[in-house]
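Residue numbering for the sequence shown follows this note's numbering, starting at 289 and increasing by one per position. Virtual Cβ for every residue (Gly too), placed ideally from N, Cα, C. In this text the structure is predicted, and so the values were computed from the model without any measurement. A quick write-up on the structure given underneath.
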Amino acid sequence: MPATRLRFWFGFDSPVDRRAYFRTGAGLMLLKYLADVAVVWATTGRFWSPLAYANPVWTVRQQILHGAPAWVIVALTAWTLPFIWIGVSMTMRRAVDAGASAWTCLWFFVPIVNYAVMLWLSLAPTVVRRVPRAQHELVVDEKVRSALLGVAAGLVVTIPTVLLSVYFKRAYSVGLFLGTPFTLGAISASVFNHRVRRSLGATFQVVLATVAISALAIVLFALEGVFCLALAFPIAAALALAGGVLGRAIAAHGAESPGRTGWGGGGGLAALVAPLLVLVEPHAVAPVHEVVTTVEVAAPPEVVWRRVVSFPDVPPPTEWLFRIGVAAPLRARIRGTGVGATRYCDFTTGAFVEPITAWEEGRLLAFDITAQAPPMREWSPYRDVNPPHLDGYFRATHGEFRLTPLPGGRTRLEGRTTYVVDMFPQSYWTLPAGGIVAAIHRRVLHHIKFLVEERRP
């Protein structure tokens, strides 16, 4: 009886009518909720209400888990995996039994929408098919079933790995950016090609679908925002496709070798590669980068200096970069004079605190940056979502204004910013980061130039 029950939950062959779907789904949801509540209560002393539990935004769950031992998030993630698989499996079979497309099961990964889909499938009657079938055999196209299995396997690997890397290890590391998409592609392709060798084009379609659906799930669970995922998508897709080539070859090799157990054997262990990699990977020291931007001002250095130290409101940004959410400078103000004074540069996301370290009037203003606002407001379907990468993974550390006199009473005004991007691969992320810093420089320097030149007699 237990073996039959497990095959019914985890398999893809037995049909699922609405009664079995509702009773099994409700029972397993209650079991998981009670177990999660018990763990949270035992480790934090907090009660996890059903309403908060149903909220998909991960930051809400962080508040519940605040102060819990580090192993709790790992344990809850591992405990969640079999429930995800059962949910996908039973939703696919229930959709087919109700006369809908097997692809309906992918809605299981979409927060809020998944509740509506599960409710509908719990009410929809069984559609009597004209095609004869055995009593316990589900009629699903083999290619569709393999594709769905591949996508589901990739998602089961991706979501826990992101949680472990970003929220447990607090690192955007090699394992996350290279290991996860490559493993996702290899596993989804291996599952898709397990029973029948598919074409490379069809395999790539399944791999890219898995990457896209994983990205959507990450956004809808508020793990990350749209902007940074869009930047990460090209490298993730390329690595996933490379993994797909390997996974397809592994599936073919396994099918040709007698005694192999297929994906359920060695492939199942391969699914642990990405999460284990992010858990054991050491943290590397991020290199320091510098951006330098210059502008010529038709005024002598002593006149320009006054607007370097502080300047009034900058006009609303028109550049597309700032209009999509990147923090834009608004004004600069200072308390005190000379070394030891504190300059504040207000951005659309908050203020940068800049203690003055060098004050050579008319020549050099240098400052450290001891506190900074988030570098951008992420795109998300939810309000006030701040993914972890907005908190300390991009850090401006030092800034300078240098003024050089030029012939004809002119000044070369130079802005310098040093910064750190603590996200792998640094060589990739420094490209947009450097572009953002340069855009901020241009906005400030051109505003100073305008203020000085327009107000000269």
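On the premise that Gly532 lies in contact with Thr491, defined as a C-beta separation below 8 Å, what is that separation, rounded to the nearest angstrom? Here residue 491 refers to the residue found at position 203 of the sequence shown. Here residue 532 refers to the residue found at position 244 of the sequence shown. Sure, about 5 Å apart at Cβ, within 8 Å.
Can you find at least 3 beta carbon pairs, one from the stretch 728 to 745 and one from the stretch 575 to 585, that sit closer than 8 Å? yes
Which of helix, strand or coil DSSP assigns to Thr581: Along the sequence shown, read from residue 1 onward, the residue named residue 581 stands at position 293. Thr581: strand per DSSP, three-state reduction.
Would you identify the three-state DSSP class for Ala520, choosing helix, strand or coil? Residue mapping note: residue 520 aligns to position 232 of the sequence shown, counting from 1. It is helical.
Answer yes if the stretch 373 to 386 comes into contact with the stretch 478 to 489, meaning at least three C-beta pairs across the two stretches below 8 Å, and no otherwise. no
Exposed or buried, what is Ile447 when buried is set at 16 or more other beta-carbons lying within 10 Å of its beta-carbon? Indexing the sequence shown from 1 puts residue 447 at position 159. By the neighbour-count rule (16 or more Cβ atoms within 10 Å), Ile447 is buried.
Taking Phe599 as the reference, give the member of Pro617, Tyr309, Val304 with the closest Cα. Mapped onto the sequence shown, residue 599 falls at position 311. Nearest of Pro617, Tyr309, Val304 to Phe599, Cα basis: Pro617.
Suppose only complete runs of 3+ residues qualify. What are the beta strand (DSSP E) ranges in the stretch 673 to 730, listed by chain order? 682 to 694, 698 to 709
Is the beta carbon of Ala505 sitting closer than 7 Å to the one on Phe635? Working through the sequence shown from its first residue, we reach residue 505 at position 217. Working through the sequence shown from its first residue, we reach residue 635 at position 347. No; because the gap between Cβ atoms is not below 7 Å, this pair is not in contact.
Name the two residues that bound the continuous beta strand (DSSP E) containing Arg623. Counting from 1 along the sequence shown, the entry for residue 623 is found at position 335. Element bounds for Arg623: 617 to 623.
heavy atom of the ligand SAM below 6 Å from Trp717 C-beta: This structure simply doesn't include the ligand SAM, nor any ligand for that matter.
Distance, Thr658 Cα to Arg698 Cα: The residue labelled residue 698 in the question sits at position 410 within the sequence shown. The residue labelled residue 658 in the question sits at position 370 within the sequence shown. Each residue's alpha carbon lies about 33 Å from the other.
Going by C-alpha to C-alpha distance, which of Gly628, Arg536, Ala340, Phe682 sits closest to Glu648? The sequence position of residue 648 within the sequence shown is 360, counting from 1. Answer by Cα proximity: Gly628.
Is the number of C-beta pairs between the stretch 318 to 338 and the stretch 301 to 308 that are closer than 8 Å three or more? no
Compute the Euclidean distance between the alpha carbons of Thr515 and Val415, then round it to the nearest angstrom. Residue numbering aside, residue 515 sits at position 227 when the sequence shown is read from its first letter. Residue numbering aside, residue 415 sits at position 127 when the sequence shown is read from its first letter. Sequence check: residue 515 is Phe here, not Thr. The straight-line gap from Cα to Cα measures roughly 43 Å.
Look up Gly398 in the DSSP assignment and say whether it is helix, strand or coil. Within the sequence shown, the letter at position 110 stands for residue 398. Just to set this straight, residue 398 is Val in the shown sequence, not Gly. Coil.
Quick check on Trp336: does DSSP put it in helix, strand or coil? Taking the first residue of the sequence shown as 1, we reach residue 336 at position 48. Looking at Trp336 - three-state DSSP - the assignment turns out to be coil, as it is neither helix nor strand.
Pairwise C-alpha distance: Ile501 and Thr625: Start at 1 with the first residue of the sequence shown, and residue 625 comes out as number 337. Start at 1 with the first residue of the sequence shown, and residue 501 comes out as number 213. Approximately 54 Å, taken between the alpha carbons.
Kindly identify the DSSP beta-bridge partner or partners of Leu652. Translated into the one-based positions of the sequence shown, residue 652 becomes position 364. Paired residues: Glu648, Arg690.
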